[in-house]
Amino acid sequence: MVDRIEAIEPGAGWALAQADDIAHADAEVGIWDRDIVSGRLTWDRRTAELHGLRLDEFGETMADFYATIHPDDLPGVQEAVDNAIAACGSYLAEYRVVRRDGSQVWIQGLGRIVASSAGEATRVIGLVVDVTWRHAMVDMLQRSILPQSLPRLPGVALVARYLPAARGARVGGDWYDACLLADGAVLLVVGDVAGHGLPAVAAMAELRHATRAYALAGYSPADITTQLSGNLAPEPDGTTATAVVTRLDPATHQLTWSCAGHPPPLMLTGAGPEYLDDVHGPILGAAPTLTYGQTDLSLPPGARLLLYTDGLVERRGVSLTDRLDTLTRAAACHSAGGLGGLADLCDGVLTDVAGPACREDDLCLLAVQVS
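For reference, each letter of the sequence shown is one residue, going 1 to 371 in full-length UniProt numbering.
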């Protein structure tokens, strides 16, 4: 898309009717032109189609453009546009358009500012393209990587939930896993790769498979986090992640966990809720030579443990302490006995803490109860 912008920018006063031929040489690309001084925003036919309108229905203002964007995505687009104009730079934004039939289309838009000789922004030219297919592919890939079922074993109940972001964020790298080990123990892990989109999902897949492989080979939680951090460190793109890796012995209720820069697990017992806030090392990939630690704990009968990613508790403008307190109250409120009660606990926590429409990140929740 950048090459297309560069091709048409030298004629900043280009006529859209002529540029229309350029756009439709590639039927997926739309071209637009905004005169900042007059406020007029001009679209070609393809741009109007991508936004669910006929060209003669578009009112040629930024307000008309913003009205086509999904409300959850609008603030991010406005911020990107405003920042680009202030810096006389460019922006790249992705957003959803809700069409009249209720279907949603993902649009990627690129805008570049044209400045006057005095250095003031006078117009913006740009391109838009439909990237719905890419979002669908990444979402399908992520869901195919996550476990389709959880292991069944006597004396232990397991429930997992995954929720995508409610706002216009791309698919993230949150993941969880649970698998039986040769000695009868069970591996329980949640993790979160920094970033979004296909790179995050690909890194998440590598981490999940590596974690399971190390666990099946007999590695302890501390050994696993140490190995994962060393594996991530050489990545040229600087990929990092957080994770909590746990090993639970169903017969003895012995829990061993290693936390790599991840939000603390929440334990629920008859004595009340308690965060297992031991941190055994920084985020994975940040310290490749570090040996991570681990902690052992004997879970009392009936104890529950909630492992989760930061999408559950982090909110812009709210302190993490306050959000963890919210999780504690919700978990205590919805705590009840039995497997059905564990599922109810998870659903209640998601309703009260995650909320229906305010999430800016995806999230995983993995819950375990010992009898």
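Each residue gets a CB set at the ideal place from its N, CA and C atoms; glycine is no exception.
### Beta-carbon spacing of S258, I224 below 8 Å
Counting from one through the sequence shown, the residue named residue 258 turns up at place 258. Counting from one through the sequence shown, the residue named residue 224 turns up at place 224. In contact: S258 and I224 (Cβ atoms closer than 8 Å).
### Message
Would you say the beta carbon of L92 is closer than 7 Å to some non-hydrogen atom of the ligand FMN?
### Response
In the structure shown, the ligand FMN is absent, as is every other ligand, since no ligand is present at all.
### Task
Reducing DSSP to helix, strand and coil, say where L327 ends up.
Residue 327 sits at position 327 when you count from the first residue of the sequence shown. Three-state result, L327: helix.
### Message
Quick check on the DSSP output: what are the complete alpha helix (DSSP H) runs of length 4 or more inside the stretch 12-92, in order along the chain?
### Response
You should have 16-25, 45-50, 62-66 and 74-87.
### Query
The beta strand (DSSP E) with G191 in it runs from where to where?
Indexing the sequence shown from 1 puts residue 191 at position 191. Under the DSSP assignment, G191 falls in the beta strand (DSSP E) whose first and last residues are V186 to H196.
### Task
Determine which residues share a DSSP beta bridge with P273 and list them.
Along the sequence shown, one-based indexing puts residue 273 at 273. In the DSSP output, where bridge partners are listed per residue, P273 has L268.
### Straight-line gap, L74 to W106 (C-alpha atoms, nearest Å)
To locate residue 74, count along the sequence shown from 1; it is residue 74. To locate residue 106, count along the sequence shown from 1; it is residue 106. Straight-line Cα distance between these residues: approximately 13 Å.
### Query
Whole-angstrom Cβ separation of L268 and S335, contact assumed at under 8 Å?
Residue mapping note: residue 268 aligns to position 268 of the sequence shown, counting from 1. Residue mapping note: residue 335 aligns to position 335 of the sequence shown, counting from 1. Yes, they are in contact, since the Cβ atoms of L268 and S335 sit about 5 Å apart, within 8 Å.
### Query
For D249, which three-state DSSP category applies?
For the purposes of this step, residue 249 is taken as the residue at position 249 of the sequence shown. Strand at D249.
### Message
Counting C-beta neighbours from all protein chains within 10 Å, is the total for S149 16 or more, i.e. buried, or is it exposed?
### Response
On the sequence shown, position 149 is the one that residue 149 refers to. Counting Cβ neighbours within 10 Å, S149 comes out exposed, since fewer than 16 surround it.
#### Entry: Closest by C-alpha distance to P71, when choosing among R123, V97, Q369 and S90
Taking the sequence shown and counting its residues from 1, the one referred to as residue 71 is at position 71. Closest by alpha carbon: V97.
### Message
Can you give me the C-alpha to C-alpha distance between T240 and G230, rounded to a whole angstrom?
### Response
Locating residue 240 in the sequence shown gives position 240, where the first residue counts as 1. Locating residue 230 in the sequence shown gives position 230, where the first residue counts as 1. Going by the C-alpha atoms only, they are around 11 Å apart.
### Message
Using DSSP's beta-bridge definition, name the partner residues of S298.
### Response
By 1-based counting over the sequence shown, the position of residue 298 is 298. S298 is bridged to Q254.
### Message
On the CB-based measure, 16 or more other CB atoms within 10 Å of its CB, does P301 come out buried or exposed?
### Response
Residue numbering aside, residue 301 sits at position 301 when the sequence shown is read from its first letter. The residue is exposed, with fewer than 16 neighbouring Cβ atoms inside 10 Å.
### Query
Expressed to the nearest angstrom, what Euclidean distance is found between the alpha-carbon atoms of L305 and I125?
Stepping through the sequence shown from its first residue, residue 305 is reached at position 305. Stepping through the sequence shown from its first residue, residue 125 is reached at position 125. Rounded to the nearest angstrom, the gap between the Cα atoms of L305 and I125 is 53 Å.
### Task
Measuring alpha carbon to alpha carbon, tell me which of Q227, W43, V190 and L41 ends up nearest A286.
Counting from 1 along the sequence shown, the entry for residue 286 is found at position 286. That would be Q227, whose Cα lies nearest to the Cα of A286.
### Query
Going by Cα to Cα distance, which pick from P264, D277 and P221 is closest to Q254?
In the sequence shown, residue 254 corresponds to position 254, counting from 1. Cα-wise, what sits closest to Q254 is P221.
### Beta-carbon contacts of F58 that lie in its chain and below 7 Å, excluding the five residues immediately before and after
Within the sequence shown, the letter at position 58 stands for residue 58. Excluding residues within five positions, the ones whose Cβ falls inside 7 Å are W43, A48 and D64.
### CA-to-CA distance, Y91 to S298, given in whole angstroms
As a position in the sequence shown, residue 298 is number 298, starting the count at 1. As a position in the sequence shown, residue 91 is number 91, starting the count at 1. Spanning the two alpha carbons is a distance of roughly 53 Å.
### Query
If you drop the 5 nearest sequence neighbours on each side, which residues of the same chain put their C-beta closer than 6 Å to that of D249?
Residue mapping note: residue 249 aligns to position 249 of the sequence shown, counting from 1. Shown here for D249: same chain residues with a beta carbon closer than 6 Å to its own, the five before and five after excluded, namely A185 in chain order.
### Task
Determine the direct distance from the alpha carbon of G155 to that of Q78, and round the result to whole angstroms.
On the sequence shown, position 78 is the one that residue 78 refers to. On the sequence shown, position 155 is the one that residue 155 refers to. The straight-line gap from Cα to Cα measures roughly 52 Å.
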